[in-house]
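Engineer: Per my numbering, the sequence shown starts with residue 174, numbered consecutively. C-beta atoms are modelled at their ideal positions from N, C-alpha and C, and glycine is treated no differently. A quick note: this is a predicted structure, and the numbers were derived from the prediction, not measured. Please see the structure below; I have some questions.
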Amino acid sequence: MNTPRHTDTTGCAGDAVAWWKEAVVYQVYPRSFKDSNGDGIGDLKGIISKLDHIASLGVDIVWINPVYASPDRDNGYDISDYRAIQPRMGTVEDLQLLIRKVHKKGMKIIMDMVINHTSDDHAWFREARRSRDNPFYSYYHWWPAEKGKPPHRCGFFDPAGKGWHYNKATRSWFLHYFSKHQPDLNWENPEVREQLYDVLRYWLNMGIDGFRLDAITFISKDTRWPYVTPTILKDGYYGDWGHYYAKGPRLHEYLREMHEKVWRHYDAVTIAEAPGIKAEEANLFVDPERKEVDMVCHFEGIMAGYMPGEFKKMQPGGYSVKELKKIYSDWDGALNCRGWGTIYLGNHDQPRMISHWGHDGAEYRDLSAKMLFTFLLTMRATPFIYNGDEIGMVNIRFDQIEDYQDIETRQVYQRIKGSGGDVNAFMKDQQLAGRDNGRTPFQWNKRAYAGFTRGKPWLKVHPNYIQINAAAQENDPSSVLHFVRDLIRLRKSIPALVYGKYELLLPEHPDVYAYCRKGNGDRCIVLLNFTSRDVSCPSDCPIPVGGEIIVNNYSGIRERDGHWLLRPYQALVCRVAPAST
Ligand code: ISL
Ligand code: CA
């Protein structure tokens, strides 16, 4: 699909057509997708065996989380060999077969690349930590003991929250923004950059169509190592940490160099995971004239409703719809005519979409899933679907720390326990926000372990798999799965839903998210009730006369006193076809 389907744009230079703007991305978390050999861990052959399911959705790009050699301290986000496949995941031949099969089905495949840090088991680091004279020492960031203690930096996955770890042999501390098993690479060293660019070329030459660049906003550090006040560098995640770490002085210089040396030579799509980036900074990354990356995945949307400065703690009462509207509208406004956005409502670092933004009780589970998918697939941004969401999977809500496998949950638990904090409250928060909620095995059918594995799964399967599974959804024409397929088809058949301008309607409405997508005389009005209550859409709600309802997750529309009445989690899309405008 290198040739974009549509030729019409909104007339802005930044809205030029591109295949990746029209694409729908499907994220596969390989560990939890499908196990082919009974060891309880999903693998490449497993993905290959389920390509029909993926292709049946109508998605265009498959993004796989890291499958490189790794001691798996952070499920592959700690790479020990950039050119090797993790044996548990399969072989390079398996990957090549996957690439061929994905391409044969008319889709593209992108890999996740972790180049802010390596594993401490990577050959570079094993050498580096031996002595200061070792040629690889300068591949990482160090603070020598003779200078006293290093200035505080966060280690997000460190039990003490510390980002420096002391290494005896070199009499120095090394920097790790994540766990001590994930030392940060020293991008100041041109040799490091060349090595990494070579890795990128290696996979692109194998046929990979692009990358999701993990934690890429963190690669540049201020190596004068200034003292930064604790209010800026909170130990918690969601204070101002990201804004400091994502503002390294040479970040954009590195991104431009990477573009010049790698991306420019390939028709590859690049997606920067961008923690710490605000809407007003977005174009620094994605303005095509700057030649950096194609898209960023920001965190402002996904973090709505979390308590600032705390570790993934939801605000009492959850997120506010008005806040959500403001964030997405600000991002659209910032990118308008210059760059292009992304939208995602869940991923492997987040709780399940339905549990987070909708309602996972039986009554509203499917309705809210359909409403959320309507949002995801009608915005002016490339949508990312996280595997399992299309069949309505929900949070597992573990009540014992032993059930969690995630390094983040386990380390933060230790941190809170160690500092005499409230672990019970933390366990409750994790039921809502813990990353393992989004990582439980994919529910294929009602056989043992949901058909994910013949062995014992690495993480517990959600007990609701008997009701919620792909096979059951397949057989039910009113299921979330069928709804998602229809929506993807719809997005592709109406150019205004891809490129059309986005205009927020009813900005002050506390419960309804309403907007219009407009382009080439075509107009689609989207109305979404984000609550479990009946709400009324005021009379200025511009449902046009003569419009055709093209999406509705209920069988009809109610009206009272001349107002539309939206049922709990009702989603409506009304199209005013070109002829009637
Ligand atoms: O997941 C987060 C908080 O729960 C984020 O802060 C996350 O750590 C950050 O966005 C970077 O995420 C990426 O790199 C991490 C890895 O653990 C994540 O899975 C990955 O998406 C370290 O490589
Ligand atoms: Ca396996």
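Given 7 Å as the limit, tell me if Ser205 has its C-beta closer than that to any heavy atom belonging to ligand 3.
Structural biologist: Inclusion of ligand 3 in the displayed structure is not the case, the ligand content consisting of ligand 1 and ligand 2 alone.
Engineer: What residue from Ala342, His354 and Arg344 has the CA that sits closest to Gly336's CA?
Structural biologist: Cα-wise, what sits closest to Gly336 is His354.
Engineer: By Cβ distance below 7 Å, which residues in the same chain neighbour Asp387 in space, the five residues on each side in sequence not counted?
Structural biologist: Correct list, in chain order: Tyr250, Asp285, Met286, Val287, Asn289 and Glu446.
Engineer: Following a CB-centred definition, is Ile258 positioned closer than 7 Å to any heavy atom of ligand 2?
Structural biologist: It does not: the Cβ of Ile258 is nowhere closer than 7 Å to a heavy atom of ligand 2.
Engineer: Just tell me which of Ser592, Arg366, Arg385 and His416 has its CA closest to the CA of Val198.
Structural biologist: Looking at the Cα atoms, Arg385 is the closest of the given residues.
Engineer: Just to confirm my understanding: we take Ser209, look at its own chain, exclude 5 residues before and 5 after, and list those with CB closer than 7 Å. What are they?
Structural biologist: Here the set comprises Asp216, Lys218, Gly219 and Ser222.
Engineer: Output the distance between the C-alpha atoms of Lys322 and Gln259, rounded to the nearest integer angstrom.
Structural biologist: Each residue's alpha carbon lies about 37 Å from the other.
Engineer: Does the beta carbon of Tyr559 fall short of 7 Å from some heavy atom of ligand 1?
Structural biologist: Not so, every heavy atom of ligand 1 lies at least 7 Å from the Cβ.
Engineer: DSSP three-state call for Gln640: helix, strand or coil?
Structural biologist: Coil.
Engineer: Exposed or buried, Thr402, counting other C-beta atoms within 10 Å across all chains shown (16 or more means buried)?
Structural biologist: The residue is exposed, with fewer than 16 neighbouring Cβ atoms inside 10 Å.
Engineer: Less than 8 Å between the CB atoms is what I'm expecting for Trp504 and Val459, so what's the real figure, rounded?
Structural biologist: The Cβ separation is near 11 Å, so there is no contact.
Engineer: Report the rounded CA-to-CA distance for Ile234 versus Gln200, giving the unit in angstroms.
Structural biologist: Roughly 8 Å separates the two Cα atoms.
Engineer: Could you compute how far the alpha carbon of Gln573 sits from the alpha carbon of Thr582?
Structural biologist: Going from the Cα of Gln573 to the Cα of Thr582 covers about 11 Å.
Engineer: Quick test of your reading: Ile214 and Trp631, contact by CB under 8 Å. State the CB separation rounded to the nearest angstrom.
Structural biologist: Indeed, because the Cβ distance is near 5 Å, the residues count as touching under 8 Å.
Engineer: Let me see if you follow: with CB-CB separation under 8 Å, is Asp212 close to chain C or not?
Structural biologist: Of the protein chains in this structure there is only one, and it is not chain C.
Engineer: Within the present structure, is the beta-carbon of Gly215 separated from the nearest heavy atom of ligand 2 by less than 7 Å?
Structural biologist: Yes, Cβ of Gly215 sits closer than 7 Å to a heavy atom of ligand 2.
Engineer: Please tell me whether Lys464 and Tyr370 are closer than 8 Å, where the distance is taken between their beta carbons.
Structural biologist: Not closer than 8 Å, so no.
Engineer: Beta-carbon within less than 8 Å of His226's beta-carbon, same chain only, minus the 5 sequence neighbours each way: which residues are those?
Structural biologist: Excluding sequence neighbours, His226 sits near Ala643.
Engineer: In whole angstroms, give me the CA-to-CA distance for Arg748 and Arg696.
Structural biologist: Using only the alpha carbons, I get a separation of about 6 Å.
Engineer: For Gln573, does the three-state DSSP call read helix, strand or coil?
Structural biologist: The answer is coil: DSSP assigns Gln573 none of H, G, I, E or B.
Engineer: How is the alpha helix (DSSP H) around Gln743 delimited, first residue to last?
Structural biologist: Element bounds for Gln743: n/a, residue is neither H nor E.
Engineer: Is any heavy atom of ligand 1 found at a distance shorter than 7 Å from the C-beta of Phe329?
Structural biologist: Under cutoff, so the answer is yes.
Engineer: Sort out for me which residues DSSP pairs His338 with in a bridge.
Structural biologist: Beta-bridge pairing links His338 to Phe347.
Engineer: Have a look at Ala242 and Asp395 and give me their C-alpha separation to the nearest angstrom.
Structural biologist: Roughly 30 Å separates the two Cα atoms.
Engineer: How many whole angstroms separate the CB atoms of Phe329 and Tyr312, which I take to be in contact at a CB cut-off of 8 Å?
Structural biologist: That belief does not hold up - the Cβ atoms of Phe329 and Tyr312 are roughly 21 Å apart, past 8 Å.
Engineer: What does the Cβ neighbour count give for Pro448, buried or exposed, with the cut at 16 atoms within 10 Å?
Structural biologist: Buried is the call here.
Engineer: Cα-Cα, which of Glu195, Arg246, Asp247 and Arg204 is closest to Asn232?
Structural biologist: The question names Asn, but residue 232 in the sequence shown is Val. Selected option, being the one with the closest Cα: Glu195.
Engineer: Tell me whether Val459, by its Cβ, gets closer than 7 Å to a heavy atom of ligand 1.
Structural biologist: Outside the cutoff, so no.
Engineer: Leaving out five residues before and five after Ser541 in sequence, what residues of the same chain have Cβ atoms less than 7 Å from its Cβ?
Structural biologist: Hits under 7 Å: Ile527, Gly531, His532 and Tyr742.
Engineer: Let's see if you can read the secondary structure: which residues bound the beta strand (DSSP E) around Tyr199?
Structural biologist: Val198 to Val201 is the span of the beta strand (DSSP E), which, as asked, contains Tyr199.
Engineer: Tell me the rounded alpha-carbon separation between Gly565 and Lys543.
Structural biologist: Distance between the alpha carbons of Gly565 and Lys543: 9 Å.
Engineer: Could you pull out every residue in the same chain whose Cβ sits closer than 7 Å to the Cβ of Gln578, ignoring the five residues on either side in sequence?
Structural biologist: Cβ neighbours of Gln578 beyond the five flanking positions: Asp609, Trp631 and Leu632.
Engineer: Cβ of Glu361 versus every heavy atom of ligand 1: is any distance shorter than 7 Å?
Structural biologist: No, ligand 1 has no heavy atom inside 7 Å of this Cβ.
Engineer: In this structure, does DSSP put Gly474 in helix, strand or coil?
Structural biologist: It is coil, neither helix nor strand.
Engineer: What would DSSP say about Tyr675, mapped onto helix, strand or coil?
Structural biologist: Tyr675: strand per DSSP, three-state reduction.
Engineer: Which residue's Cα is closest to the Cα of Leu738: Ile569, His529 and Ser705?
Structural biologist: Here the closest residue by C-alpha is Ser705.
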